[in-house]
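Worksheet: the structure to be examined is printed underneath.
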Amino acid sequence: MTDVFDHAPQVWNAAQLRQALADLPDDTPIHIGVAEDPGDFGGYRESVLVDARHVENWWPATGTTSERAEKERALTLFADWTPGEYDLLD
1 MTDVFDHAPQ VWNAAQLRQA LADLPDDTPI HIGVAEDPGD FGGYRESVLV
51 DARHVENWWP ATGTTSERAE KERALTLFAD WTPGEYDLLD
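Residue numbers for the sequence shown follow the numbering used here, so the first one is 1 and each next one is one higher.
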C-alpha cells in the first residue's frame, strides 16, 4: 500500500493577496512559483500571471449526480511559462 499524507496548505484569501500587493507599483510583473511536489518549493517552476477570472466550482463534480447542490466562488489566477524561446514540440 502506498503511504499518503494529508496536505493542508493555508489557502490565501483576497485580503491576504491585497495586503501582499499593497506597496507594489502598478507595473510590477507577478510571478508564480508552482511546487514540484505538494509543499516542495525547493524545485518550483516559475510561471507568470496571465489572467484572473471569477469562477464558480460546483460540487459534487460527478457525471452521475443530476443536481449539484454546493458551489464555491473563487478567483482563479492563470499562469503560463515565462517569456522566452522554447523548443517546438511535435
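From the three backbone atoms N, C-alpha and C, an ideal C-beta is built for every residue, glycine too.
Below-9 Å beta-carbon distance, residue i vs any chain C residue
i   : result
R45 : No chain C is present in this structure, which holds just one protein chain.
Among the options, nearest to residue i - alpha-carbon criterion
i   : options            : result
V34 : Y86, L49, D26, T28 : L49
F5  : E46, P38, D26, A52 : P38
Same chain, Cβ closer than 7 Å to residue i, neighbours up to 5 away in sequence not counted
i   : result
Y86 : none
Q10 : none
G43 : E36
Presumed contact (8 Å Cβ cut-off) between residue i and residue j, rounded CB distance
i   : j   : result
L88 : A14 : Contact flag wrong, Cβ pair sits at about 39 Å.
Cβ neighbours of residue i in the same chain (closer than 8 Å, five flanking residues each side left out)
i   : result
A79 : I32, V34, S47, V48, L49, V50
D23 : none
Q82 : The residue you asked about is not Gln; residue 82 is Thr in the sequence shown. The residues are H31, E46, S47, V48.
Limits of the unbroken beta strand (DSSP E) element including residue i
i   : result
G33 : 31-34
The alpha helix (DSSP H) enclosing residue i, as first and last residue numbers
i   : result
Q16 : 14-21
Chain-order list of residues whose beta-carbon lies under 6 Å from that of residue i (same chain, five-residue window excluded)
i   : result
R45 : V34
R73 : E56
R53 : T76
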